[in-house]
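As numbered in mature numbering (1 follows the signal peptide of the UniProt record, and there is no 0), residues -27 to -1, 1 to 406 make up the sequence shown, in order.
Positions of the beta carbon are idealized from the N, C-alpha and C atoms, including for glycine.
It should be emphasised that the depicted structure is a prediction, and the values quoted were computed from it without experimental measurement.
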Amino acid sequence: MTRTSNQIAIIALLLAVQYSCIATVSASTTYEGYGTVYTLSSPSSGNCNFMSWPSDATTKYAALNVDQWDETMNCGRCAEVSCTDSSCSGQSSEIVYIMDQCPGCSYGDLDLSPDVFESITGQSYTKLGIEWKFVDCPISKNVEYCLKTGSSEFWVAVQPANFVSGVESLKINGQGTNMVDSAYYFLIDGSGKSIADLSSVSISLTGVNGEVLEETVSLSADACTEGVGLALYVRRRKKQIDAYKRREEQGTAMSDDDTSPRASDVASATTQPCHSELLDISHSDVPLPCSWVTTVSASTTYEGYGTVYTLSSPSSGNCNFMSWPSDATTKYAALNVDQWDETMNCGRCAEVSCTDSSCSGQSSEIVYIMDQCPGCSYGDLDLSPDVFESITGQSYTKLGIEWKFVDCPISKNVEYCLKTGSSEFWVAWQKYS
């Protein structure tokens, strides 16, 4: 078919428009806001809950504001940040790793490590204007895949770590994934059916830059496995990484080829009042005692299924407890999503017993809610091995249970723990009774 000159002109115009749209998506986006400073004891303590991280991330980290948090999807990305305040004249820029969320920060704000804040501002512990943009991370080793504690062939939660650019999506054995609530893990849930041979897991990772990385790895719960097939990806990036390092040594700005701004949902924070004496919060991460009068409420009995999993430490659960009763290390439970109530049931106790005929004569146990079970349905509990065996006489299976909330068998005073990074401007405290 012969095209007229007008048709050709229209096609050329459409192609030009299409090209300009693509260029707009990949062009650099700079964000403006305020920079503050806080201390993160370890990258594993951040809201991303990373199991592995680059060595630089222990000193060059940042907490991202709620509006750009995007339900953990920006975890592990890097940002080049510099100070825009006149008092910072002559200071350099720094690359930071997004390891945490800053609930008290507004759109464009970053809460920075002391080392980074001082480097870009020449000052410490204040609030100054900044600008920043997402950049590739200066990482030269392969991506790692970490398997969440409690994962099994029925429930697989994978966390990618040490990636150059951000992760747009991740498939496990060809299946799409959902995010684990409040932590950076990609999940497939078999709902009681076997879905994965952990010795040979197929992973397909799509970066925010559009690159697709495919890998088959052997995974173990609570451990990380380095990818093998990603070496080509790393080599493709090596020239750019070397250029980044040279620019860093020369103190010049670094380029960026990833700018895709992400949409985000604004998270909400809830607090629970406590009538007590005024507390001294001048020291972070220190439990503070306070007397507490327990109110006993009527209890409802719930029915569901009990399963078993291992939690390495109460601090590793989604409740992120900083202090806990000694019994909670062996008598813990993960609560189903429907009754999770956005962490508000954390630290409560439940008396649980087996209702299956095979459990006749077994006793009930009191457990501490330390974690969330994303794969559990309403009424279900994921129990510690000790508790499961005590109430069922069996191990590693799925049996009917009933349970109710009860008072915890605790005789000492309530403790108040102040979150790492809290200050007179931003106070986040955790009560355990």
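| Check | Outcome |
| --- | --- |
| How big is the Cα-Cα spacing for Asn182 and Glu324? | 49 Å |
| For the candidate residues Ser299, Ser177, Ser62 and Asp329, whose alpha-carbon lies nearest to that of Lys385? | Ser299 |
| Let me confirm a value: Met295 is counted as buried when at least 16 other C-beta atoms fall within 10 Å, else exposed. Which label applies? | buried |
| Below 7 Å CB to CB, which residues in the same chain sit around Leu37 once its five sequence neighbours on both sides are set aside? | Asn47, Ile71, Gln74, Cys75 and Leu83 |
| Count the other C-beta atoms from every protein chain shown that fall within 10 angstroms of the C-beta of Gln(-21), then say buried if there are 16 or more, exposed otherwise. | Low per-residue confidence applies at Gln(-21): pLDDT is 44, beneath 50, and the placement is therefore not dependable, though the value from the model is reported in the following sentence. Classification of Gln(-21): exposed, given that the 10 Å Cβ count is below 16. |
| To the nearest angstrom, how far is the alpha carbon of Leu(-14) from that of Thr2? | The predicted model places Leu(-14) with a pLDDT of 36, which falls under 50 and marks its position as unreliable; any figure quoted below should be read in that light. Looking at the two C-alpha atoms, the distance is approximately 25 Å. |
| Rank Glu362, Gly6 and Asn20 by C-alpha distance to the C-alpha of Cys292 and give the top, closest one. | Asn20 |
| With 16 as the cutoff for other CB atoms within 10 Å, does Glu67 come out buried or exposed? | buried |
| What's the gap between the Cα of Glu199 and the Cα of Gln312? | 36 Å |
| Evaluate the contact criterion for the region 7 to 23 versus the region 98 to 105: three or more CB pairs, one atom per stretch, below 8 Å. | yes |
| Of the residues Asn22, Ser350, Val153 and Thr12, which one's Cα is nearest the Cα of Ser86? | Thr12 |
| Contact between the region 325 to 335 and the region 147 to 164: three or more CB pairs below 8 Å? | no |
| Considering only C-alpha positions, which residue in the set Val108, Tyr4, Gly77 and Ser172 is nearest to Gly394? | Gly77 |
| Assuming Tyr34 and Pro16 make a contact with CB atoms under 8 Å, what is their CB distance in whole Å? | 6 Å |
| List, from N- to C-terminal side, the beta strand (DSSP E) runs of 3 residues or more that fit wholly inside the region 81 to 169. | 83 to 85, 101 to 108, 117 to 120, 128 to 134, 140 to 145 and 159 to 162 |
| Please classify Phe294: does DSSP put it in a helix, a strand, or coil? | coil |
| On the premise that Leu120 lies in contact with Ala52, defined as a C-beta separation below 8 Å, what is that separation, rounded to the nearest angstrom? | No, Ala52 and Leu120 are not in contact; Cβ-Cβ is about 27 Å, not under 8 Å. |
| What are the partner residues of Glu188, as DSSP defines its beta bridges? | Ile176 |
| Restricting to Cα atoms, I'd like to know which of Asp359, Ile161, Asp154 and Ser155 is closest to Asn146. | Ile161 |
| By how many angstroms is the C-alpha of Tyr118 removed from the C-alpha of Ser318? | Checking the sequence, you will find Asn at residue 318 rather than Ser. Asn318 and Tyr118: Cα-Cα distance of roughly 30 Å. |
| Under 7 Å, do Gly290 and Leu284 count as touching if we go by C-beta distance? | yes |
| Could you pull out every residue in the same chain whose Cβ sits closer than 6 Å to the Cβ of Asp231, ignoring the five residues on either side in sequence? | The pLDDT assigned to Asp231 is 36, lower than 50, so where the model puts this residue is not dependable; a value taken from the coordinates is nonetheless given after this. Same-chain partners within the cutoff: Phe107, Ser138, Val181 and Asn182. |
| So, with DSSP's three-state summary, where would you put residue 412? | Here the chain has residues from -27 to 406 only, and residue 412 is not among them. |
| So, helix, strand or coil for residue 482, using DSSP? | Nothing about residue 482 can be read from this structure; the chain reaches only from -27 to 406. |
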